[in-house]
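Peer 1: Handing you this structure, nothing more for now.
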Amino acid sequence: MPFLATEKLLLALEVELKALGMWSTTAPDEAALTSQVPFACDSMAFEAWLQFILLPKMRLLIEAQMPLPSSIATAPMAEHVWGEAPTYRNLITLLRALDELLTKQAR
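1 is the number of the first residue of the sequence shown in UniProt numbering; add one for each residue after it.
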């Protein structure tokens, strides 16, 4: 399991979200956090999903040395949300790297 490489990417995502001013100090409400819709897109912005759902869940898996997801596609959602805007290029690149790392380790 590529725990170290995954954690490095998660940290880089956190740093990039903060650099873009997309890091929130206020968590979404419980109903938003328990959304069953992919990426909780019915209840929060994609960057909030990254911060409050993806990052914590992935870190819990790493800490417990549990299997990491083997099929993840965050970059396509990021591209859908932010398009080709240069501002988000690095963030999308990091998400693509995470997708590729987790998919590759599953093979």
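Idealized CB from N, CA, C, for every residue including glycine. Small disclaimer: the values here were computed from a predicted structure and weren't measured.
(1) Could you pull the start and end residues of the alpha helix (DSSP H) that Ala31 belongs to?
(2) Given a threshold of 16 other Cβ atoms within 10 Å of its Cβ, counted over all protein chains shown, does Thr6 qualify as buried or as exposed?
(3) Less than 8 angstroms between the beta carbons of Leu20 and Thr87, yes or no?
(4) Which residue's Cα is closest to the Cα of Lys8: Met58, Thr25 and Ile53?
(5) Leaving out five residues on either side along the sequence, give the residues of the same chain with a beta carbon under 7 angstroms from the beta carbon of Ser24.
(6) If you count every other CB in all the chains shown that lies within 10 Å of the CB of residue 108, and 16 or more means buried, which is it?
(7) Between Leu91 and Ile72, is the Cβ-Cβ spacing less than 8 angstroms?
(8) Enumerate in chain order the residues of its own chain whose CB-to-CB distance from Pro2 is below 7 angstroms, with the five nearest sequence positions on each side excluded.
Peer 2: According to the data block:
(1) The residue labelled residue 31 in the question sits at position 31 within the sequence shown. Per DSSP, Ala31 belongs to the alpha helix (DSSP H) from Glu30 to Leu33.
(2) As a first step, residue 6 must be located in the sequence shown, where it is residue number 6. Under this definition Thr6 is a buried residue.
(3) Along the sequence shown, read from residue 1 onward, the residue named residue 20 stands at position 20. Along the sequence shown, read from residue 1 onward, the residue named residue 87 stands at position 87. It is a contact, given that the beta carbons lie within the stated cut-off.
(4) Your numbering for residue 8 matches position 8 in the sequence shown. Per the Cα distances, Met58.
(5) Indexing the sequence shown from 1 puts residue 24 at position 24. If we look at Ser24 and ignore the five residues flanking it on each side, its Cβ neighbours are Ala48 and Gln51.
(6) Since the first residue of the chain shown is 1 and the last is 107, residue 108 is not available in this structure.
(7) Position 91 of the sequence shown, counting from 1, holds the residue named residue 91. Position 72 of the sequence shown, counting from 1, holds the residue named residue 72. Not a contact, by the Cβ cut-off of 8 angstroms.
(8) As a working mapping, residue 2 is identified with position 2 in the sequence shown. So the list reads Leu101 and Gln105, once near-sequence residues are dropped.
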